[in-house]
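J.: Heads up: the sequence shown begins at 12 in my numbering, then just goes up one per residue.
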Amino acid sequence: MKYRKQILTLHKILGLATGLVVFIVSITGCCWAFKEEIEGLYSDYKTVEIQNVPPITVTEAQTIAQDVFPNNHIHGAIFGKPDEAIQVIFYDREPEFYQDVFLNPYSGEIIQINNNLSGFFPFILKGHTRLWFPKEFGEQLVGASILIFIIIIISGFLLWIPKQRKNLKQRITFNWKSTTRWKRKNFDLHTVVGFYICSLALILAFTGTVMSYNWLKYVVYKSTGGEKVAAFIIPENKSGIKTSDASEGVAPIDQLIPKLWKESPNVENYELHYPESDTSSIYVEVSKTAGVFYDSDFRFFDQNTLEEIETPGIYGKYKDAKLADKILRMNYDIHIGAIGGIVGKIIAFLVSLLTASLPVTGVLLWYGRNYKKNKTLDS
C-alpha cells in the first residue's frame, strides 16, 4: 500500500509539473503527422514542363540562387526527376535563416521562394520542439519534460495494475451507466485510455528524447552493438587542395549529378551539399523511398576526382548499415509514424491526440479529489 502511494505521489507531482508541455508537444505532434501529405496539395510549383535542352549545372544553380540571398549560406540543392524543379536550400544557424529557392532546371528561372520559418507548419514545429521559446531554453525544457514523461508513463502503468484480478475488466473497458458520475468517467478516460496507448506513447516519447539528447543517442547505439561513430561525419578530400583551372572544361562537381542519375535512375532525388572548404568532400544524400529517410544513402565524393570516400559515421550507404545503425537511422521515421506508411502516420496521429488528453484528465482527476477534500473540511 505504501509502495503504491509513493508511486501515486511521484506520478501526480511529475504530471502536474510537465502536463502543459506534454499537452502542447502532443497536439503539435498531431498536426505534424500529415505535413508531407498536406503540403503536397499546394505544391504545383514544384512541377515543370520537360524541355529538350540540357539542364543547368550544379554550379549554375548555386550561382543563380546565391544572387537571391547573397549574404546567406547554401545548405544544399535537391535535384529531382526531369519534371521537377531544383530546390536550393539556404540555412544559417545564427541568426536563424531557412529559405528555399525553386529553379526551373532548364532555364534557371526562379519559380518560387519559400520561407521555412514562417507559416503554419514552421509554427507547429517551433511549438513541438521548443514551445515557441528561444531555441536554447525551449529545446532543453521540452527534452527534460519528455524524459520525465517516460517516468510518468511507467509509473502510470504500475498504478493501473489492479490489486485484484476481478477488477481487471473495469480497467480495460468503459462500463458507464446513466448514473455514472463525471468523476468516474474522467477516471476511466485517464486510466483506460492511458493503458491502451501507453506502449506507443512510450515509443514516441523515447524516440523524441533520443533526438533531444546526444548522450542518449550514443547509449542506444552502443547498447545495440554499434561499432561506428554515432554522428554525421563529412570526410575530407583524398586528393587535398587543387587550384581551379578554367581550361579543364566541366568542373567535377557539375559531372556528379548526371553521373549518379545514370547509375541509379529510379531514386526519388539527389540532395547535393556544396563543399564547405577546399579540403572537404562533396556530400550527396540519395533519397530512395518517398516519405521516409532511414533508407537514404549518404555518399561522399572527392571534389577534385569524384572518387567515393567512406565515412566513419553511421550515415553512409544503407546497404552497409548494421542493425545498430539501422535502429538509430529509423528513429525519426518511427517518431512520426512514417516507418509504417500512411497507416503508421494515422496511428501516430491518434496516439498523439489521445496522449494530449492524459494531462487534461489527470488535472481534472487531481482537482476533483482535492475539491472533494476541501469541501469535506469546510462542512
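Every residue, glycine too, gets a C-beta built ideally from N, C-alpha and C.
Let me check one thing: in DSSP terms, what residues is Asp308 bridge-paired to?
T.: DSSP output for Asp308 lists Val297 as bridge partner(s).
J.: Let's see if you can read the secondary structure: which residues bound the alpha helix (DSSP H) around Ile162?
T.: First-last of the alpha helix (DSSP H) with Ile162: Lys146 to Trp171.
J.: Quick check on this structure: which residue in Val112, Thr366 and Glu107 has the alpha carbon closest to the alpha carbon of Ala88?
T.: Nearest option by C-alpha distance: Val112.
J.: Taking the alpha carbon of Ser307 as the point to measure from, which residue in Glu318, Ile162 and Tyr329 has its own alpha carbon closest?
T.: Per the Cα distances, Tyr329.
J.: Throw me the rounded Cβ distance for the Pro246 and Phe311 pair, which I believe falls under 8 Å.
T.: Yes, they are in contact, since the Cβ atoms of Pro246 and Phe311 sit about 5 Å apart, within 8 Å.
J.: Would you mind listing the alpha helix (DSSP H) stretches within the segment 178-227 that are 4+ residues and don't spill past its ends, in chain order?
T.: Listed in chain order, the complete alpha helix (DSSP H) runs (minimum 4 residues) inside the segment 178-227 are 179-183 and 193-223.
J.: Taking the CB atoms as reference points, tell me whether Gly355 and Ile244 lie closer together than 8 Å.
T.: No. Outside cutoff.
J.: Considering only residues of the same chain and omitting the five flanking positions on each side of Val204, which have a CB-CB separation below 8 Å?
T.: If we look at Val204 and ignore the five residues flanking it on each side, its Cβ neighbours are Leu365, Ser368, Leu369 and Thr372.
J.: Should Gly237 go down as buried or exposed, given a rule of 16 or more other Cβ atoms within 10 Å for buried?
T.: So Gly237 counts as buried.
J.: Does the beta-carbon distance from Asp344 to Tyr305 come in below 8 Å?
T.: Yes.
J.: By a C-beta neighbour count over all protein chains shown, 10 Å radius and 16 as the cutoff for buried, is Pro65 buried or exposed?
T.: Looking at its Cβ environment, which holds fewer than 16 other Cβ atoms inside 10 Å, Pro65 is exposed.
J.: What's the C-alpha gap between Ser363 and Tyr102?
T.: Approximately 30 Å between the Cα atoms of the pair.
J.: DSSP state of Leu142, grouped into three classes?
T.: Coil.
J.: Report yes if the C-beta distance between Gly327 and Thr290 is below 8 Å; otherwise report no.
T.: In this structure, Thr290 does not lie closer than 8 Å to Gly327 by Cβ.
J.: Checking the sheet assignment: what are the DSSP bridge partners for Asp111?
T.: According to DSSP, Asp111 bridges with Ile100 and Asn125.
J.: Please classify Asp313: is it buried, with 16 or more other beta-carbons within 10 angstroms of its beta-carbon, or exposed?
T.: Classification of Asp313: buried, given that the 10 Å Cβ count is 16 or more.
J.: Here's a check: name, in chain order, each residue in its chain whose Cβ is nearer than 6 Å to the Cβ of Pro173, leaving out the five neighbours to either side.
T.: The residues are Leu179 and Arg182.
J.: So does the segment 263-280 actually touch the segment 329-342, counting three or more Cβ pairs closer than 8 Å?
T.: Touching, no, given that fewer than three Cβ pairs across the two stretches are closer than 8 Å.
J.: Going by alpha carbons, who is nearest to Asp331 out of Ile353, Lys239 and His22?
T.: Here the closest residue by C-alpha is Lys239.
J.: With DSSP collapsed to three states, give me the class of Leu283.
T.: Three-state result, Leu283: strand.
J.: Quick one: using the 10 Å Cβ neighbour count with 16 as the cut-off for buried, is Ile353 buried or exposed?
T.: Label assigned to Ile353: exposed.
J.: Give the DSSP-derived three-state secondary structure of Thr372 in the structure shown.
T.: DSSP places Thr372 in helix when its eight states are reduced to three.
J.: Comparing the C-beta of Glu107 with each C-beta of chain D, is any distance below 8 Å?
T.: The displayed structure is made up of one protein chain only, and chain D is not part of it.
J.: For Glu50, name the three-state secondary structure that DSSP assigns.
T.: Three-state result, Glu50: helix.
J.: For Glu296 and Ser234, what's the separation of their Cα atoms in angstroms?
T.: Cα-Cα distance, rounded: 27 Å.
J.: Report back the beta-carbon spacing between Ala241 and Lys228 to the nearest angstrom; my notes put them in contact at under 8 Å.
T.: Their Cβ separation, rounded to whole angstroms, is 6 Å, which keeps Ala241 and Lys228 in contact under 8 Å.
J.: Is Glu318 helix, strand or coil by DSSP?
T.: Here Glu318 sits in coil by DSSP.
J.: Between Gly6 and Leu52, what straight-line distance do the alpha-carbon atoms span, to the nearest angstrom?
T.: Any property of residue 6 remains undetermined from this structure, which presents the chain solely from 12 to 390.
J.: So the beta strand (DSSP E) Phe34 belongs to, where does it begin and stop?
T.: From DSSP, Phe34 is part of no beta strand (DSSP E) but of the alpha helix (DSSP H) over Lys13 to Ala44.
J.: What's the call for Ile61, buried or exposed, on a 16-neighbour Cβ count within 10 Å?
T.: So Ile61 counts as exposed.
J.: Would you check if the distance between the CB atom of Glu107 and the CB atom of Leu128 is smaller than 8 Å?
T.: Closer than 8 Å, so yes.
J.: On the DSSP letters alone, give me the boundaries of the beta strand (DSSP E) that His86 sits inside.
T.: Looking at the DSSP string, the run of the beta strand (DSSP E) that includes His86 is Ile85 to Phe90.
J.: Taking its Cβ as the centre, do 16 or more other Cβ atoms sit within 10 Å of Asn248, making it buried, or is it exposed?
T.: It is buried - the Cβ of Asn248 has at least 16 other Cβ atoms within 10 Å.
J.: Quick one, which of Ala96, Gly30 and Val303 has its alpha-carbon nearest Val59's?
T.: Here the closest residue by C-alpha is Ala96.
J.: CB of Thr20 to nearest heavy atom of the ligand MG: below 7 Å?
T.: What this structure holds is no ligand at all, so the ligand MG is not there to describe.
J.: Do the CB positions of Thr39 and Ile159 come within less than 8 Å of each other?
T.: It is not a contact, given that the beta carbons lie outside the stated cut-off.
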